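A.B. asks: So the sequence shown is numbered by numbering that gives the first Met the number 0: it starts at 0 and just counts up by one. We put the CB at the ideal spot given by N, CA and C, even for glycine. Predicted model, so just to flag it, every value in this text is computed and none were measured.
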Amino acid sequence: MSRVANLSVGGLFIETPKMERVGATTKLHFLVQEGQIRADGVVRHVKPGGGLGLKFEAVSERDRPNLAALMRRLRSLA
0 MSRVANLSVG GLFIETPKME RVGATTKLHF LVQEGQIRAD GVVRHVKPGG
50 GLGLKFEAVS ERDRPNLAAL MRRLRSLA
């Protein structure tokens, strides 16, 4: 389990001690108030000892509305 430090429609930054190489692919699964969100991601940035910047490559068709609703909620809090 990792903490999300930054989130946008295009991807996220997760705080994790686990390091991956830039270009590595991963499966993302997270549960938020709006529901489950599953996506395929690719590592775009590595911060040693800090975390990984991941770009969403594909978001599950059925989870796209949940991601959109999450983004609307987060924008309203800003």
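(1) With distances taken Cα to Cα, identify the nearest neighbour of R43 among Q35, R37, E56.
(2) Could you give the distance in angstroms between the alpha-carbon of T25 and the alpha-carbon of M18?
(3) In the DSSP output, what is G9 paired with across the bridge?
(4) Closer than 6 angstroms by C-beta to A68: which residues in its own chain qualify, once you throw out the five before and the five after it? Chain order, please.
C.D. replies: Looking at the coordinates:
(1) Looking up residue 43 in the sequence shown gives position 44. That would be E56, whose Cα lies nearest to the Cα of R43.
(2) Along the sequence shown, read from residue 1 onward, the residue named residue 25 stands at position 26. Along the sequence shown, read from residue 1 onward, the residue named residue 18 stands at position 19. Each residue's alpha carbon lies about 12 angstroms from the other.
(3) Position 10 of the sequence shown, counted from the start, is the residue given in the question as residue 9. Answer is none; G9 lacks a bridge partner.
(4) Your numbering for residue 68 matches position 69 in the sequence shown. Here the set comprises E33.
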